[in-house]
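Here the structure is laid out as structure tokens; the discussion comes afterwards.
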């Protein structure tokens with residue numbers, strides 16, 4: 557069945573370093589969503605990308621959707637301790653209401 | 007305040023004892039779904055509903071039931087819980103179907119089955 561893979565699973569960085577997580581789908585996606593889950597919390601929507609090659613920025617976060625609409629990335633510039641958490645990508649299964657999440661990347665930031 | 011609520015937040019039960027986790031949203035959303043979260047496996051969709059009386063299986067529906075009799079409520083039923091259903095469960099809702107809108111998640115229900 558359709559799969560969404562996310563790497564790396566864990567990342568430890570020093571505060572101020574950059575961070576990137578990658579998301580790859582086995583099929584073309586109509587859109588991709590990104591969520592952040594703080595430790596002990598619930599996933600919170602960050603952004604949705606729809607167009608091929610789309611790039612969106614939110615302050616220090618940059619989101620990209622690949623040209624083939626099968627991959628995406630989230631890049632954080634100059635990480636801060638407030639960036640700690642697990643980042644998930646999610647994409648819809650074709651022609652259904654299913655939403656498939658990647659396994660998530662857990663980011664730890666050392667002050 | 008727009009929100010998704012789940013009850014209970016924590017539950018410890020024994021194998022085979024039927025239980026229901028309630029989920030309610032106050033945003034008039036059409037789409038609701040249930041996920042389970044396990045270490046290393048991310049969020050896996052159990053069931054979803056695109057409207058009242060319309061429910062469909064997600065990726066891991068075995069051992070679960072749902073119903074959508076009203077727009078705001080989407081309870082998750084475990085008829086005969088087993089230890090492999092020990093997990094963190096999230097309910098979510100969104101404006102529409104086809105997974106094209108942002109999901110609003112509830113606070114989660116941590117279930118332990120002994």
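Protein chains in written order, with our numbering: chain C, 557 to 667; chain U, 7 to 120. We treat Cβ as the ideally placed atom computed from N, Cα and C, and that holds for glycine. Computed from a predicted structure; not experimentally measured.
Go to residue i, then tell me how far its beta strand (DSSP E) extends in each direction, as first and last residue.
| i | result |
| --- | --- |
| residue 648 (chain C) | 641-648 |
| residue 38 (chain U) | 37-44 |
| residue 50 (chain U) | 48-57 |
| residue 116 (chain U) | 115-119 |
| residue 604 (chain C) | 600-605 |
| residue 638 (chain C) | First-last for residue 638 (chain C): undefined, no H or E at that position. |
| residue 618 (chain C) | 617-621 |
| residue 3 (chain U) | In the structure as shown, chain U starts at 7 and stops at 120, and residue 3 (chain U) therefore has no counterpart that could be examined. |
| residue 31 (chain U) | 25-31 |
| residue 611 (chain C) | 611-614 |
| residue 84 (chain U) | 82-84 |
Please classify residue i: is it buried, with 16 or more other beta-carbons within 10 angstroms of its beta-carbon, or exposed?
| i | result |
| --- | --- |
| residue 84 (chain U) | buried |
| residue 669 (chain C) | No answer is possible for residue 669 (chain C): the residues shown for chain C start at 557 and end at 667. |
| residue 51 (chain U) | buried |
| residue 98 (chain U) | buried |
| residue 566 (chain C) | exposed |
| residue 74 (chain U) | buried |
| residue 656 (chain C) | buried |
| residue 39 (chain U) | buried |
| residue 608 (chain C) | exposed |
Kindly indicate which three-state DSSP category residue i falls into: helix, strand or coil?
| i | result |
| --- | --- |
| residue 580 (chain C) | strand |
| residue 662 (chain C) | strand |
| residue 91 (chain U) | helix |
| residue 19 (chain U) | strand |
| residue 569 (chain C) | strand |
| residue 561 (chain C) | strand |
| residue 589 (chain C) | strand |
| residue 655 (chain C) | strand |
| residue 627 (chain C) | strand |
| residue 66 (chain U) | coil |
| residue 75 (chain U) | coil |
| residue 107 (chain U) | coil |
| residue 633 (chain C) | coil |
Near-chain U residues of the stretch 629-659 of chain C (beta-carbon distance less than 9 Å), N- to C-terminal order: 642, 644, 646, 647, 648, 649, 651, 652, 653, 654, 655, 656, 657, 658 and 659
Selection of the stretch 560-586 of chain C by Cβ proximity to chain U, strictly under 8 Å: 562, 565 and 586
Members of the stretch 25-37 of chain U that neighbour chain C once the beta carbon cut-off is set at 9 Å: So the list reads 37, given in the order they occur along the chain.
Touch test, the stretch 12-20 of chain U against the stretch 605-625 of chain C, Cβ-Cβ under 8 Å, three pairs minimum: no
Cβ contact (3+ pairs, closer than 8 Å) linking the stretch 29-40 of chain U and the stretch 575-583 of chain C: no
Residues from the stretch 599-627 of chain C in contact with chain U, defined by Cβ distance under 8 Å: Going along the stretch 599-627 of chain C in chain order, one finds 599, 600, 601 and 604 with a Cβ nearer than 8 Å to chain U.
Residues within the stretch 42-59 of chain U neighbouring chain C, beta-carbon criterion of under 9 Å: 43, 46, 47, 48, 49, 50, 51, 54, 55 and 56
Three CB pairs or more closer than 8 Å across the stretch 592-608 of chain C and the stretch 108-115 of chain U: yes
Inter-stretch contact (C-beta, 8 Å, three-pair minimum) for the stretch 646-656 of chain C and the stretch 58-70 of chain U: The stretch 646-656 of chain C is in contact with the stretch 58-70 of chain U.
Touch test, the stretch 626-633 of chain C against the stretch 85-93 of chain U, Cβ-Cβ under 8 Å, three pairs minimum: no
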